[in-house]
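Here's the structure we're looking at; comments come further down.
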Amino acid sequence: MGVTLTTRPFALIGATWDDPSAPLNTTIDVRARSARTGKWGSWQVLESDGRSPAEPGSADAAGRGRTDPLWVDTSDAVEARTTGGTVPAGLRLDLINPDVDVPKVTERAAIPPRPVPRYVSRARWGADESIVKKPPEYTPAVRVMFVHHTATSNNYSCADSARIVRGIEVFHVRSNKWNDIGYNFLVDKCGTLFEGRKGGVTRAVLGAHTLGFNSYASAIAVIGNYDGKAAPPVVRSVIAQVTAYKLGLYRVPPIGRSTMISSGSDLFPRGTRVALNRVSGHRDTNETTCPGRVLYGQLPAIRRVAGAAPAGLRLASVAGAYAAGPVYYTRGVIRPNWALSTPTSMMNRFDVYIDGRIVVSAPAGGRIATLRLPSGRHTLTVLAVHLNGLTTRISRTVMVDATPPAFVSGPTLTLRPGSLKGSVPVRLAWGLGDPSGLRALGLSSPRPVVFGVSRRAFLATAAPNRATTWAVKAIDRAGNVAVGKVARTPTVTGDAVGARTGRWANLRSSAYLGGSALQSATRGSSIAWTFTGRSASLAVTKTRASGTATIYVDGVNAGSVNLSNTVTVNRIAVWAKNFGASGRHTIKVVSTGTRPSMIIDGLVVLR
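Going left to right, the sequence shown walks through residues 1414 to 2020 as my numbering numbers them.
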């Protein structure tokens, strides 16, 4: 036989089995897939040098049988096959990653005990054990649950139920001359379940309840008469629960039929093979109205409840993870919380698997688990196990990413054209990469702003002549956080600082940048600034009479700008140049065109 497994990284393979004294009588071949190249290696035999060499009685003697370990370098998948001989009990592959501190756990999670329906024990209801003379007898298994009613009055208080059960015990023993009470279970109209015949509710106790069909069967009797009255919902639920529990112990589905052989009844002579519903009424095998006409009509619904698979299983939430479609993203620790519509009383347990390996087994009332996962892609599966043995599962993909988003560029801040009235127009830009994708992106400084996750630039304004820190905060789907920061100061340089040629007039007004401006109406007039910075923008006043200007950057023609406008606009950045790194530069503005008039407010430099 053979098997292929995709696993977390490992570099050494060995096989072990339960009995350290058992020899390996089969050949185990393995091969591994390289995590670096993705190629499969050649098949190799796992060698065994016989029985464990541990000293008898020593601490090592309780170990496992084993092969010699095989080094395969870093791998992420393994194939194994056995040929010939007998596979030893408990054979498993141990995959060892020597690069981690904690060894791989290969044992299965502890399985919680199968829950027994809540019941009142014989001791609690006061069974008279002195009248039970013989030890209990057992039948090999339970294939059918028979439903009875006691045919006693329904006009009783549930506080008297234990007394009624004691009375039935005495009647069955002293009057019927049976060894013990005949039923395996009894339930009152309030849904309280009582242990019946002695021998243990977890075992297949042979009762005296259904003539000809006590073997391979168990029985529950409803206290009261249900010929003309329906059993309450709580009673039906208890019958379904006990049925699922007893039949589930022997992996017999409650829905369907079992063929029983009569030991002799008034309907079926001894030796007759009879196909019975696995939830049957007493009347199905004997000349009787038991368990009453109305309760008998409720048995199909009880069968459906007892034989249903877990219903409505879903993941209500996965704390510590972010859901993006069908995939959950996490940094490593998650707490899946599941829910279902099947009552807890009908459940056995919940098994939680990661990549096909059980890691947690929770009891019937459990709805949450805490899991710590290594980096990479995993499959999370929650398996709901019914008392009857049927299962339902849900699976989801979980991506574990402990690496924060990476700023592949920036963030960078540059000047841009726009109004300079009280602030400086800037452009913030950045590049981001993350294999999980982003779930949140925004500005955390100098003020909070929420962006769409695909955004990579933001047009903003900065306070002039003040150092400001701009911080972009990115959160990936796994919850990792990265913050990129850039601190810059936009400095406003007045017009008077510039070196000028040609004829210029000084203008004074609060409308101008810094309260003053320079105007030239002479073609060829120029003004130049030499500065150290990363970015610069030209501030002007645009009027109807203004013409065009040519801009030179470090002596190179950088193009012309139109300075005219139908209405006068003061303090406007009409052109910007970004240099990347900080450096020393000269910007020169020359009046050109047929209308040489221009009004210069100054230069803004980003440092």
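C-beta atoms are modelled at their ideal positions from N, C-alpha and C, and glycine is treated no differently.
DSSP, read as helix, strand or coil, puts lysine 1659 in helix.
Arginine 1852 has its alpha-carbon roughly 40 angstroms from the corresponding atom of arginine 1984. Bounds of the beta strand (DSSP E) holding glutamate 1492 are 1483-1496.
Scanning its chain for C-beta atoms nearer than 7 angstroms, with the 5 sequence neighbours on each side dropped, one finds around glycine 1705 the residues His1562, Asn1638, Tyr1639 and Asp1640, in chain order. With distances taken between CA atoms, aspartate 1431 lies nearest to Arg1505 out of Pro2009, Leu1624, Arg1505 and Phe1944. Counting along the chain, isoleucine 1771 sits inside the beta strand (DSSP E) bounded by residues 1770-1776.
Within a 10 Å sphere around the beta-carbon of tryptophan 1942 sit 16 or more other beta-carbons, which makes this residue buried.
Around threonine 1956, the same chain offers Thr1981 as residues with beta carbons nearer than 6 angstroms, after the five sequence neighbours per side are excluded.
Following the DSSP letters along the chain, one finds proline 1713 inside the alpha helix (DSSP H) bounded by residues 1706-1720. DSSP, read as helix, strand or coil, puts threonine 1439 in coil. For secondary structure counted as the beta strand (DSSP E) over 3 or more consecutive residues, the stretch 1834-1864 holds these complete runs in sequence order: 1837-1846, 1851-1858 and 1862-1864. Bounds of the alpha helix (DSSP H) holding glutamate 1582 are 1574-1583.
Of the candidates Gly1677, Ala1653 and Ile1674, Ala1653 places its Cα closest to the Cα of proline 1667. Under the three-pair Cβ rule at 8 angstroms, the stretch 1785-1804 does not count as touching the stretch 1695-1715. In the three-state scheme derived from DSSP, where H, G and I count as helix and E and B as strand, alanine 1941 is classed as strand. According to DSSP, glutamine 1932 shares a beta bridge with Ala1918 and Ile2012. When rounded, the separation of the alpha-carbon atoms in valine 1545 and alanine 1572 is 25 angstroms. With a cut-off of 8 angstroms on Cβ pairs, the stretch 1540-1560 is in contact with the stretch 1581-1600, counting three or more such pairs. Taking C-alpha positions only, arginine 1748 is separated from tyrosine 1735 by approximately 12 angstroms.
Nearest in C-alpha terms to glycine 1960, of all of Ser1948, Gly1946 and Ala1934, is Ala1934. Within the stretch 1936-1991, no alpha helix (DSSP H) run of at least 4 residues lies entirely inside it. Sequence-distant partners of serine 1676 (beyond 5 residues in either direction) whose C-beta falls short of 8 angstroms from its own C-beta, in its chain, are Gly1625, Phe1626, Asn1627, Ser1628 and Arg1683.
In this structure, threonine 2005 sits away from serine 1977, with a CB-CB distance that is not shorter than 8 angstroms. By the CB criterion at 8 angstroms, asparagine 1801 and leucine 1660 fall inside the cutoff. When the beta-carbon positions are compared, asparagine 1893 and aspartate 1967 stay at least 8 angstroms from each other. Cβ-Cβ distances below 7 angstroms link alanine 1873 to Val1839 and Leu1841 in the same chain, with the five nearest sequence neighbours on each side left out; the list follows chain order. The bridge partners DSSP lists for proline 1903 are Leu2019. Here the C-alpha atom of alanine 1900 lies approximately 13 angstroms from the C-alpha atom of leucine 1828. Secondary structure note for tryptophan 1883: its beta strand (DSSP E) is the uninterrupted segment 1881-1889. Listed in chain order, the beta strand (DSSP E) runs fully inside the stretch 1636-1703 are 1670-1674, 1686-1690 and 1692-1694, counting runs of at least 3 residues. Non-local C-beta neighbours of proline 1859 in its own chain, meaning closer than 6 angstroms and more than five positions away in sequence, comprise Thr1881, ordered along the chain. Taking the Cα positions, isoleucine 1633 is about 12 angstroms away from valine 1614. Cβ neighbours of glutamate 1608 within its own chain (closer than 6 angstroms, five residues either side excluded): Tyr1532, Ser1534, Arg1535 and Val1614.
With a 10 Å radius around the Cβ and a threshold of 16 neighbouring Cβ atoms, glutamate 1460 comes out exposed. Of all alpha-carbon atoms in Pro1739, Val1905 and Ile2013, the one lying nearest the alpha-carbon of isoleucine 1807 is that of Pro1739. Scanning Asp1889, Val1885, Arg1479 and Asn1699 for the CA closest to the CA of valine 1862 turns up Val1885.
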